[in-house]
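In the working numbering, the protein residues as written are 15 to 151. A quick write-up on the structure given underneath.
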């Protein structure tokens, strides 16, 4: 039996960070995300917005509750899809010009996404999370 409802999309994903400030600087510089501080009953928190989603940043030294069973930095494997007409090749060129290490031989590779074939480039964020940036072919 399946659930009597349908999930539409992901609203946010939580990333555990060794340094929230370093993570904000990296994601805004290399991925163009927008930093958004926000307040909760327990104090100030930080998010990175892109498209209709966001990444909530939790400090690994004191993760907010509730949290995952084993919240550790560097355990994420995330794929971000570019807004057309930007391509993975353009991201590759930018990252190389910025001196960012590019994985998978430093080239654009083909992968399969949720809606078809992707052109992708890979790197790691400061915590070691695998970051894939893609465009649909």
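Just so it is clear, CB atoms sit at the ideal spot from N, CA and C, and this is done for glycine as well.
Just to confirm, are residue i and residue j a CB contact at a threshold of 8 Å?
{"i": "residue 90", "j": "residue 29", "result": "yes"}
{"i": "residue 133", "j": "residue 146", "result": "no"}
{"i": "residue 149", "j": "residue 95", "result": "yes"}
{"i": "residue 136", "j": "residue 151", "result": "no"}
{"i": "residue 60", "j": "residue 38", "result": "yes"}
{"i": "residue 87", "j": "residue 53", "result": "no"}
{"i": "residue 123", "j": "residue 106", "result": "no"}
Ends of the alpha helix (DSSP H) at residue i?
{"i": "residue 82", "result": "Where residue 82 is concerned, there is no enclosing alpha helix (DSSP H), given that its DSSP letter is neither H nor E."}
{"i": "residue 45", "result": "34–45"}
{"i": "residue 102", "result": "102–111"}
Quick one, which of the options has its alpha-carbon nearest residue i's?
{"i": "residue 49", "options": "130, 100, 71 and 32", "result": "71"}
{"i": "residue 24", "options": "64, 109, 87 and 104", "result": "64"}
{"i": "residue 139", "options": "125, 109, 131 and 122", "result": "109"}
Under DSSP, the beta strand (DSSP E) around residue i begins and ends at which residues?
{"i": "residue 149", "result": "144–150"}
{"i": "residue 53", "result": "48–54"}
{"i": "residue 20", "result": "Note, residue 20: premise wrong, no beta strand (DSSP E); not H, not E."}
{"i": "residue 73", "result": "67–73"}
{"i": "residue 58", "result": "57–64"}
{"i": "residue 131", "result": "130–138"}
State the CB to CB distance for the pair residue i and residue j, rounded to an integer number of angstroms; the pair is presumed to be in contact (CB under 8 Å).
{"i": "residue 92", "j": "residue 44", "result": "That belief does not hold up - the Cβ atoms of residue 92 and residue 44 are roughly 13 Å apart, past 8 Å."}
Report task. Check whether the stretch 15–27 touches the stretch 74–81, counting contact only when three or more Cβ pairs, one atom from each stretch, lie closer than 8 Å. Result -> no
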